[in-house]
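Enquirer: Below is a structure I'd like to ask you about.
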Amino acid sequence: MKTVKKIIPSEKKNLGPKQFVMSPLPNQWVGQISPFIMLDHFGPKHIPAGEPFFVPPHPHRGFVPVTILFDGEVEHKDSFGNIGRIKGGDVQWMTAGSGVVHSEGATESFSETGGVLHLIQLWINLPAAYKMITPSYQEIKSETIPVLKEGNSQVRVIAGDYKNLKGPAKTFSPVSLLHVIIPEGEEITIELEKMFTSSYYLTKGQTVVDEYDVPEQHLVWLSDEGDKITVKAIRDSELLFMAGEPINEPLVSYGPFVMNSKTEIIQAIHDYENGLMGSI
Ligand code: MN
């Protein structure tokens, strides 16, 4: 059995005057849980009709920004001409690689009518050998995500292999990403690869793990030793389980760029400013 290494509360991170996300990674208690480098949790929040929710064009290089949408409708546009619209249950998996410029936000129809928006943005690091590969964009519709039913709980396999199921996300190092739904009073044992780092973030509910009580919007960082963990739901709970082979390489990040050295960061800024990452 794995044990709890650390329980990390989220910190509030302002996006603008009226919007914020809850962020358990990184914050004052944790730097990274390699290969996972950032997790932002937005909502669930009711967005009033007519209020736009939009992040204007910005670049990324050297990692994989993933959007896991629980509720609402968001649109992605990038400098490679990809346009994607996803709804609750879908996932956007973008390999930024050598560099891409994109915009993201609620769709026009969602902004007109308003509604509940609830999502996670997760940044997954790329090994040095893949940081400069050609960018790619993968839209993962809910119906293509395999679901394992265990008792009354569900495990949605977004990335990696889980008990004969294979997540649709294309990864460049071993990564498992599971959306786990556990009804009140039930428990589930999640099996993991040995020697992977592992953690889970509770988007909703309350769980008990290794005798610790874990409230909503907390990240549970598990021990490297062991290959399974039992999680019990005290209330209806949803969690995002993250596991992966750690990337043991230097990490230097600056805003939207995640590289291995300061020189590579300066190059990324230079390339972006010279239009090498394209435009929308
Ligand atoms: Mn972005």
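Residue numbers for the sequence shown follow the working numbering, beginning at 152 and rising by one.
We put the CB at the ideal spot given by N, CA and C, even for glycine.
From a predicted model like this one, the values you see are computed outputs, not experimental measurements.
Specify whether the segment 214-225 and the segment 423-430 touch according to this definition: at least 3 beta carbon pairs, one from each stretch, less than 8 angstroms apart.
Expert: No, the segment 214-225 is not in contact with the segment 423-430.
Enquirer: Using only the alpha-carbon positions, how far apart do T285 and G248 sit?
Expert: Their backbone Cα atoms lie some 6 angstroms apart in a straight line.
Enquirer: Output needed for W274: all residues of its chain with C-beta closer than 6 angstroms, excluding positions within five of it in sequence on either side, in chain order.
Expert: Once the five neighbours on either side are set aside, the close Cβ partners of W274 are I188, M189, F214, P216.
Enquirer: I'd like the list of long-range same chain contacts for G318, defined as Cβ closer than 6 angstroms, with 5 residues on each side in sequence excluded.
Expert: Once the five neighbours on either side are set aside, the close Cβ partners of G318 are V308, I309, A310, G311.
Enquirer: What span of residues does the beta strand (DSSP E) with I275 cover, start to end?
Expert: Here the beta strand (DSSP E) through I275 covers 266-276.
Enquirer: Suppose contacts are defined by Cβ-Cβ distances below 7 angstroms. Is V172 in contact with D191 by that definition?
Expert: For V172 and D191, yes; Cβs fall inside 7 angstroms.
Enquirer: What's the call for M152, buried or exposed, on a 16-neighbour Cβ count within 10 Å?
Expert: Exposed: under 16 other Cβ atoms inside 10 Å.
Enquirer: Since E301 sits in a beta bridge, which residues does DSSP pair it with?
Expert: The partner list for E301 (beta bridge, DSSP) reads S304.
Enquirer: Among K238, L299, P278, whose alpha-carbon lies nearest the alpha-carbon of I332?
Expert: Here the closest residue by C-alpha is L299.
Enquirer: Sorry if obvious, but does the Cβ on P208 come closer than 6 angstroms to a heavy atom of the ligand MN?
Expert: No, since every heavy atom of the ligand MN falls outside the 6 angstroms radius drawn around the Cβ of P208.
Enquirer: Find the nearest neighbour of P325 within the set E263, N276, K164, judged by alpha-carbon distance.
Expert: Answer by Cα proximity: N276.
Enquirer: Going by DSSP, what residue range makes up the beta strand (DSSP E) through E338?
Expert: Here the beta strand (DSSP E) through E338 covers 338-342.
Enquirer: So which of Q179, I184, P168, L166 has the shortest CA-CA distance to Y352?
Expert: For the residues Q179, I184, P168, L166, the minimum Cα distance to Y352 belongs to I184.
Enquirer: What are the boundary residues of the beta strand (DSSP E) that includes K413?
Expert: Not the beta strand (DSSP E): K413 falls in the alpha helix (DSSP H), residues 413-424.
Enquirer: Within a Cβ cutoff of 6 angstroms, which residues of the same chain sit near Q368, ignoring the five residues on either side of it in sequence?
Expert: For Q368, where only same-chain residues beyond five positions count, the Cβ hits under 6 angstroms are S161, M173.
Enquirer: Tell me whether the segment 194-202 and the segment 396-405 touch, counting them as touching only if at least three CB pairs, one residue from each stretch, are closer than 8 angstroms.
Expert: No: the two stretches stay apart, fewer than three of their Cβ pairs being nearer than 8 angstroms.
Enquirer: Between G194 and H253, is the Cβ-Cβ spacing less than 7 angstroms?
Expert: No, the pair does not count as a contact, with Cβ atoms beyond the cut-off.
Enquirer: From this set, Y281, K238, A280, which residue's C-alpha is nearest V267's C-alpha?
Expert: With distances taken between Cα atoms, V267 lies closest to K238.
Enquirer: Are the Cβ atoms of S262 and P203 separated by less than 7 angstroms?
Expert: Contact: yes.
Enquirer: Can you give the Cα-Cα distance for H330 and I431, rounded to whole angstroms?
Expert: C-alpha separation (whole angstroms): 32 angstroms.
Enquirer: Roughly how many whole angstroms lie between the Cα atoms of H209 and R236?
Expert: When rounded, the distance between both Cα atoms is 18 angstroms.
Enquirer: At a cut-off of 6 angstroms, is P175 close to the ligand MN when judged by its beta-carbon and the heavy atoms of the ligand?
Expert: Not under cutoff, so the answer is no.
Enquirer: Since I291 and A257 are thought to touch, with beta carbons under 8 angstroms apart, how far apart are those beta carbons, to the nearest angstrom?
Expert: That belief does not hold up - the Cβ atoms of I291 and A257 are roughly 19 angstroms apart, past 8 angstroms.
Enquirer: Within a Cβ cutoff of 7 angstroms, which residues of the same chain sit near A279, ignoring the five residues on either side of it in sequence?
Expert: E400, N411, listed in sequence order.
Enquirer: Locate the beta strand (DSSP E) running through V126, then write down its first and last residues.
Expert: Residue 126 is absent from the structure shown; the chain starts at 152 and stops at 431.
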